[in-house]
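Which chain is which? The protein sequence lines are A and B, in order.
Take the first sequence: its letter number 76 is residue 76 in this note's numbering, and every next letter is one higher.
Converting from the second sequence to this note's numbering requires adding 1000 to each position, the first position being numbered 1.
Quick reminder that beta carbons are idealized off the backbone N, C-alpha and C, glycines included.
All of these numbers come straight from a predicted model, not from anything done at the bench.
Number of protein chains: 2
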Amino acid sequence: MSGVAFPRLDRSVLADDGDALTFCSTCAFSQVCLSQGMDKSSLQDLHMLVEHVGPLHAGEHVFREGDPFEAIAAVRAGTVKTYSVDRDGREHVLGFHLPGEVIGLNAIDGDHYPCNAVALDTVMLCRFSFPKISVLAARLPGLQQTLFRLLSRDIGNASLLAGDWSADERMAAFLIGLSRRLAARGFSPDRFQLTMARTDIANYLRLAPETVSRVLKRFQDEGMVRVDRRELEITARARLEGLAGAILRG
Amino acid sequence: MSGVAFPRLDRSVLADDGDALTFCSTCAFSQVCLSQGMDKSSLQDLHMLVEHVGPLHAGEHVFREGDPFEAIAAVRAGTVKTYSVDRDGREHVLGFHLPGEVIGLNAIDGDHYPCNAVALDTVMLCRFSFPKISVLAARLPGLQQTLFRLLSRDIGNASLLAGDWSADERMAAFLIGLSRRLAARGFSPDRFQLTMARTDIANYLRLAPETVSRVLKRFQDEGMVRVDRRELEITARARLEGLAGAILRG
DNA sequence: CGCAAAATTGATGCCAGTCAAATCATGTGG
DNA sequence: CCACATGATTTGACTGGCATCAATTTTGCG
């Protein structure tokens, strides 16, 4: 039952694999569509163009920068890291994508993916051909609306970390953000795995790895979290949210 | 003819105001659509739901945070600043929007605008009811595609300044970015007005106003720009692009 | 002209990055 | 099963870039 507590591959869900429809109605993207008001019959159309991918293992890529863009994908299980590599060879982590979240949206404006996407643990995906889903979206107002909203939401998210926040605020916002996103998918909001390395967190938050270490340690000393290796427990949510508030609320 | 050199209200364009169609075919959003492959007959449908707004004067708001979301808008002339105000009352500048650019896209995911939009100088707008344009997009694949691409592009843009860049890199990227966007609309890329205050630039780049002042002065001492009040001339584009490259290319 | 806001310039301090080294975790081969 | 190698993480000491504070100059506008 660790699948409930942690964003890992959940065997009980995989068991549905024989029945594509049942399977898909638990799939991340379908859930998103449903929660945004799409009706069931529209979902059936969606299922006809979905392609299930995985399991991918840690380190395997979903797509790479420069690959021809043809599809977006919804994460069904696991964590996907998106990143780009600048001309100096330095990596820039763009985001971490949890179950229920969609990757590849920033590729729509262009023929090629503008970044890499790699699995951090065991990952299951639903893949949607973008040309096909565009055609379908013209027939299904609900789907079109869902895509518009997904895209719009990403614009807001991308701006969150752009501010001149302190290391403490960044880390708090990162943890609270993770917690909320996991909670939205039915995982425990208070105890979860940091599926990414400290260096990835640091890179994503634009901090030095050493700073990530120090801030986490101080958060623990101050009783806000308990952290052991990559396992994290939030022990004083209110205070953490206080720190994160400036970033998350805006 | 200063309307060619600077992003100001251009009387020669306004003269077309009597003929809505001719007027609209020079309107920013239409130009965007055309440049992305929409045909002329589709444009006529667009014109039927466009509403021309303006002139707005410096300090007047296009929309405010919390206003019910009903429309996106294309800037036709002038500069629009988008910003939010956090709980501590501090302003956060999200972006500057030049002629040809679309504002309000980040409001699609939600019933209300998540930020304020204010005119920095004399501004003309084309306003598009979003419900109406959504319906139209279902009939016009080109329009749907255009909207998808506009949204997708904004996701990428929002990430640009998120990195841990130096003050010099940020300023260079800001100036080169402005220059390119102005050039794309037919304005001079080498000599233009900074329509926003230094404090706005600083806020947008997440620097102190004092730092903006010092960096601009140093850029001038090093011969890369000539700056007089709010007028700016780029005198060594290559070097400036070298500095900005890390940010703009990624 | 005269005031208020904006912009510049100088002096100082702090947060977080950098460098360096120790510690820990994990996997491998003997 | 243990010794060792390797990479990740932590910890400490030091440094630097940018913010902050303070004072002055310039601009915009009635």
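Next item on the list: Give the interface partners of Q144 (chain A) over in chain B, defined as CB-CB distance under 8 Å, in chain order.
Entry: S1134, A1137, A1138 and Q1144
Note to self: Just to confirm, is the Cβ distance from D1109 (chain B) to S152 (chain A) under 7 Å?
What the structure shows: yes
Next item on the list: Anything in the segment 145-159 of chain A with a Cβ closer than 9 Å to a Cβ of chain B? List those residues in chain order, please.
Entry: Q145, L147, F148, R149, L150, L151, S152, R153, D154, I155, G156, N157, A158 and S159
Notebook entry, point to check: Whose Cβ in chain B lies nearer than 7 Å to the Cβ of I108 (chain A)?
Noted result: F1148, R1149 and S1152
Notebook entry, point to check: Does the segment 159-179 of chain A come within contact of the segment 144-151 of chain A, defined as at least 3 CB pairs closer than 8 Å?
Noted result: no
Next item on the list: Pick helix, strand or coil for L1120 (chain B), following the three-state DSSP scheme.
Entry: coil
Next item on the list: Assign K40 (chain A) to buried or exposed, taking buried as 16 or more other Cβ atoms, counted over all protein chains shown, within 10 Å of its Cβ.
Entry: exposed
Note to self: Please classify I247 (chain A) as buried or exposed, where buried requires at least 16 other C-beta atoms within 10 Å of its C-beta.
What the structure shows: buried
Next item on the list: Determine, using beta carbons only, whether A1058 (chain B) and A1119 (chain B) come nearer to each other than 7 Å.
Entry: yes
Notebook entry, point to check: With 16 as the cutoff for other CB atoms within 10 Å, does D200 (chain A) come out buried or exposed?
Noted result: buried
Item checked: Test: A1208 (chain B) CB closer than 7 Å to a CB of chain A -> no
Check: When you check each C-beta in the segment 1079-1099 of chain B against every C-beta of chain A, which residues fall closer than 8 Å?
Finding: S1084, D1086, R1087, D1088, H1092 and L1094
Check: Three-state secondary structure (DSSP) at T1082 (chain B)?
Finding: strand
Checklist line | Unbroken stretches of the alpha helix (DSSP H), 4 residues or longer, contained in the segment 137-206 of chain A | finding: 141-160, 167-184 and 198-205
Margin query: Measuring straight from C-alpha to C-alpha, what distance separates P189 (chain A) and R214 (chain A)?
Written below: 23 Å
Next item on the list: Assuming T1314 (chain B) contacts A1167 (chain B) (C-beta within less than 8 Å), just tell me the rounded distance between them.
Entry: What is shown of chain B runs 1001 to 1250, which leaves residue 1314 (chain B) out entirely.
Notebook entry, point to check: In whole angstroms, what is the alpha-carbon distance linking E1241 (chain B) and R1180 (chain B)?
Noted result: 11 Å
Notebook entry, point to check: Taking Cβ positions, are R1206 (chain B) and D164 (chain A) nearer each other than 7 Å?
Noted result: yes
Note to self: Would D67 (chain A) pass as an interface residue toward chain B - the criterion being a Cβ-Cβ separation below 7 Å?
What the structure shows: no
Note to self: To the nearest angstrom, how far is the alpha carbon of T235 (chain A) from that of G223 (chain A)?
What the structure shows: 7 Å
Note to self: Which of the three DSSP states is assigned to I103 (chain A) in this structure?
What the structure shows: strand
Checklist line | Residue(s) in a DSSP beta bridge with H61 (chain A) | finding: A:V118
Notebook entry, point to check: Beta-carbon of L1216 (chain B) versus every beta-carbon of chain A: anything under 7 Å?
Noted result: no
Checklist line | Any chain B beta carbon closer than 7 Å to D164 (chain A) | finding: yes
Check: Would a C-beta distance cut-off of 7 Å place G1078 (chain B) and V1050 (chain B) closer than the cut-off?
Finding: no
Checklist line | 9 Å Cβ cut-off: residues of chain B touching R170 (chain A) | finding: The contacting residues do not exist; R170 (chain A) stays about 11 Å from chain B at best.
Notebook entry, point to check: Quick one, are the C-beta atoms of R1149 (chain B) and A1071 (chain B) less than 7 Å apart?
Noted result: no
Next item on the list: Flag A246 (chain A) as yes if its beta-carbon sits less than 7 Å from any beta-carbon of chain B, otherwise no.
Entry: yes
Checklist line | Assigned secondary structure, L1248 (chain B) (DSSP; H/G/I helix, E/B strand, else coil) | finding: helix
Next item on the list: Find out if the Cβ-Cβ distance for the pair R139 (chain A), Q193 (chain A) is shorter than 7 Å.
Entry: no
Item checked: C-beta atoms of V135 (chain A) and E101 (chain A) nearer than 7 Å -> no
Next item on the list: Compare the C-beta of L1049 (chain B) against all C-beta atoms of chain A and say whether one is closer than 7 Å.
Entry: no
Check: If you compare alpha carbons, which of B:N1106, B:D1086, B:Q1044 and B:R1087 is closest to A1073 (chain B)?
Finding: B:N1106
Margin query: So V85 (chain A) and E60 (chain A) are supposed to be a Cβ contact under 8 Å. How far apart are they, rounded?
Written below: Between E60 (chain A) and V85 (chain A) the Cβ distance is about 17 Å, and since that is not below 8 Å, they are no contact.
Check: Within 7 Å (strictly less), CB to CB, does I201 (chain A) reach chain B?
Finding: no
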